[in-house]
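Undergrad: If you're matching them up, the sequences are chains A and B in order.
If you read the first sequence in our numbering, its first letter stands for residue 1, the second for the next number, and so on.
If you read the second sequence in our numbering, its first letter stands for residue 114, the second for the next number, and so on.
I'd like to ask you about the structure that follows.
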Amino acid sequence: GENVEQHPSTLSVQEGDSAVIKCTYSDSASNYFPWYKQELGKRPQLIIDIRSNVGEKKDQRIAVTLNKTAKHFSLHITETQPEDSAVYFCAATLNTGGFKTIFGAGTRLFVKA
Amino acid sequence: DVKVTQSSRYLVKRTGEKVFLECVQDMDHENMFWYRQDPGLGLRLIYFSYDVKMKEKGDIPEGYSVSREKKERFSLILESASTNQTSMYLCASSLSPSTKETQYFGPGTRLLVL
Numbered sequence: 001g002e003n004v005e006q007h008p009s010t011l012s013v014q015e016g017d018s019a020v021i022k023c024t025y026s027d028s029a030s031n032y033f034p035w036y037k038q039e040l041g042k043r044p045q046l047i048i049d050i051r052s053n054v055g056e057k058k059d060q061r062i063a064v065t066l067n068k069t070a071k072h073f074s075l076h077i078t079e080t081q082p083e084d085s086a087v088y089f090c091a092a093t094l095n096t097g098g099f100k101t102i103f104g105a106g107t108r109l110f111v112k113a
Numbered sequence: 114d115v116k117v118t119q120s121s122r123y124l125v126k127r128t129g130e131k132v133f134l135e136c137v138q139d140m141d142h143e144n145m146f147w148y149r150q151d152p153g154l155g156l157r158l159i160y161f162s163y164d165v166k167m168k169e170k171g172d173i174p175e176g177y178s179v180s181r182e183k184k185e186r187f188s189l190i191l192e193s194a195s196t197n198q199t200s201m202y203l204c205a206s207s208l209s210p211s212t213k214e215t216q217y218f219g220p221g222t223r224l225l226v227l
């Protein structure tokens, strides 16, 4: 089955610096890769996603890149702010009739003011 | 605005009890999911359903069952609760897979099994 590995598990950056979180997946049939942000005590919410026919997508300070050949994708946050502090989850989705989504273990991002 | 609700925010049960966790979504979504969230393990898929009365096992279905009798409601059942099922349980739903797969999460149920 699909397996998603996410690194690092914890990331600490200074406000204004960039943060990069990397994920790899195992099933080449995965075709949709969302990223979710979970603030402390709150539910995960989608922040950006990318499909397998696109190599890069950007939305203001966040961007995601996808390398299908290498089966890895990354989240880039530029000009980090304290409110970016949260747990970030990557995921890979397979179409098995319904959409089965496998999540990475999460990255806890701390942005120091 | 999509709304996903879960029947309880906090639940305390004893070992061996049968536990029902309910999830309701109000956006006519076809897909519904149950995850458990544990520190360092992320979100692990227990079961999901892509239609009424349809269900598929996720990665950790052992000790759990599910029921989807109506489109808006997806129930997770712990037949005989055990202490290793103490966890945060998150329900999610998504629209038809032919359009968009964004998952919308409920607030979570923190279950403690004593």
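Just so you know, even glycine gets a beta-carbon here, dropped at the ideal spot from N, CA and C.
1) In chain B, which residues lie with their C-beta within 7 Å of the C-beta of R61 (chain A)?
2) Compute the beta-carbon to beta-carbon distance between F218 (chain B) and R43 (chain A), rounded to the nearest angstrom, for a pair I have assumed lies under 8 Å.
3) Assuming the contact rule is C-beta atoms closer than 8 Å, V117 (chain B) and C204 (chain B) should be a hit. Round their C-beta distance to whole Å, please.
4) Excluding the five sequence neighbours on either side, which residues of its own chain have a C-beta within less than 7 Å of the C-beta of E214 (chain B), listed in chain order?
5) Got a sec: which bits of the segment 42-59 of chain A sit with their beta carbon under 9 Å from any beta carbon on chain B, in order along the chain?
6) DSSP three-state label for P34 (chain A), please.
7) Counting only Cβ pairs nearer than 8 Å, list the residues of chain B close to F103 (chain A).
8) Taking only beta-carbon atoms, is F89 (chain A) less than 8 Å away from chain B?
9) Taking the C-alpha atoms as reference points, what is the distance between F33 (chain A) and T78 (chain A)?
10) Checking 8 Å against the spacing of the C-beta atoms, do F167 (chain B) and R181 (chain B) come in under that value?
11) Roughly how many whole angstroms lie between the Cα atoms of F110 (chain A) and S9 (chain A)?
12) Can you tell me where the beta strand (DSSP E) with M201 (chain B) in it begins and where it stops?
13) Under 9 Å Cβ-Cβ, which residues of chain A neighbour L203 (chain B)?
TA: Let's see:
1) Near R61 (chain A) there are no residues of chain B at all, since even the closest Cβ is about 20 Å away, more than 7 Å.
2) 4 Å
3) Going by Cβ atoms, the distance from V117 (chain B) to C204 (chain B) rounds to 6 Å, so yes, they are a contact pair.
4) These residues qualify, in order along the chain: S207.
5) K42, R43, P44, Q45, L46 and D49
6) strand
7) Y148, G155, L156, R157 and L158
8) Flagged as an interface residue toward chain B: F89 (chain A), by a C-beta distance shorter than 8 Å.
9) As the crow flies, the alpha-carbon of F33 (chain A) is around 20 Å from that of T78 (chain A).
10) The sequence shown places Met at residue 167 (chain B), not Phe. Cβ distance < 8 Å, so M167 (chain B) and R181 (chain B) count as in contact.
11) 11 Å
12) S200 to S207
13) R43 and P44
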